[in-house]
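Notes follow the structure.
Given below as structure tokens:
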């Protein structure tokens, strides 16, 4: 096993200031700084490209410094990747297989989630469709009830209107009948009054005739001393007869 050179190598890692401490897995095994242009050796250790090239200078003969700076194990410099090309350790394939398995699992989980999401979406859509169908059925039922109620109200309104028309016709008929009866009664009373007036006129004429005759008889019996009184009585009889005749004629015209 070769010895470690006494001269320290020039650190080639990142000397930036970080907010939080850098994980040791990201630090170079030589300069202990965050790795810059990371390179991995055949035994699986990571170093800065500048650090590992300085540790294994290609101009030096093989065998000198051909050991890992971390575990001091012998290392073939031909397997050190030049120009920042990595050489994967023997466990890299297993690691890749594990990653692939994890990817497959994730893919299966994603597919499962998609299927579950699709199923949930279908269930949600079915629920929405069912709710819409219920709403449509309820709306249809309400429309039918509204139509039936409107029809019932129209029928009741028509029946009430018909009943009111019949009552109005009956009342009008009663009024007409009463009016006709009253008119007949008035005509009968008018006729009776007319007959009464005619009878009164006839009686008045008869009385006047009788009065005139009696007055003539009395006049013949009286002497010349009461001529003025007889003249006045005769005038009064004439006026009374004319008034009675005029009243009777006027009453007959009105009736």
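In full-length UniProt numbering, the protein residues as written are 1 to 255.
Note that beta-carbon positions come from the ideal geometry of N, C-alpha and C, so glycine has one too.
These figures come from a predicted structure and were not determined experimentally.
Please name the residue in the options whose C-alpha comes closest to that of residue i.
i          : options              : result
residue 45 : 71, 190, 181 and 173 : 71
Is it true that the CB of residue j sits closer than 8 Å to the CB of residue i?
i           : j          : result
residue 120 : residue 73 : no
Going straight from the alpha carbon of residue i to that of residue j, what length do you get?
i           : j           : result
residue 26  : residue 127 : 54 Å
residue 166 : residue 148 : 27 Å
residue 142 : residue 130 : 18 Å
residue 182 : residue 168 : 21 Å
residue 55  : residue 112 : 51 Å
residue 68  : residue 23  : 21 Å
residue 139 : residue 156 : 25 Å
residue 34  : residue 48  : 8 Å
residue 173 : residue 163 : 15 Å
residue 52  : residue 106 : 37 Å
residue 114 : residue 108 : 10 Å
residue 177 : residue 144 : 49 Å
residue 101 : residue 116 : 22 Å
residue 135 : residue 125 : 15 Å
residue 146 : residue 110 : 52 Å
residue 99  : residue 137 : 55 Å
For residue i, which residues in the same chain have their Cβ closer than 6 Å to its Cβ, ignoring the five residues on either side in sequence?
i           : result
residue 38  : 46
residue 235 : none
Ordered along the chain, which non-local residues of its own chain (more than five positions away) have a Cβ less than 7 Å from that of residue i?
i           : result
residue 85  : Note that residue 85 scores a pLDDT of 49, beneath 50, so its modelled location is shaky and nothing firm can be said.
residue 152 : none
Using a Cβ-Cβ cut-off of 8 Å, state whether residue i counts as contacting chain D.
i          : result
residue 46 : No chain D appears in this structure, which consists of one protein chain only.
With hydrogens ignored, establish whether the beta-carbon of residue i is closer than 7 Å to any heavy atom of the ligand FAD.
i           : result
residue 186 : The ligand FAD is not among the ligands present in this structure, which contains no ligands whatsoever.
Secondary structure, beta strand (DSSP E): runs of 3+ residues fully inside the UniProt domain "RING-type" (28-72): 38-40 and 46-48
Inside the stretch 169-200 only - alpha helix (DSSP H) runs reaching at least 4 residues: none
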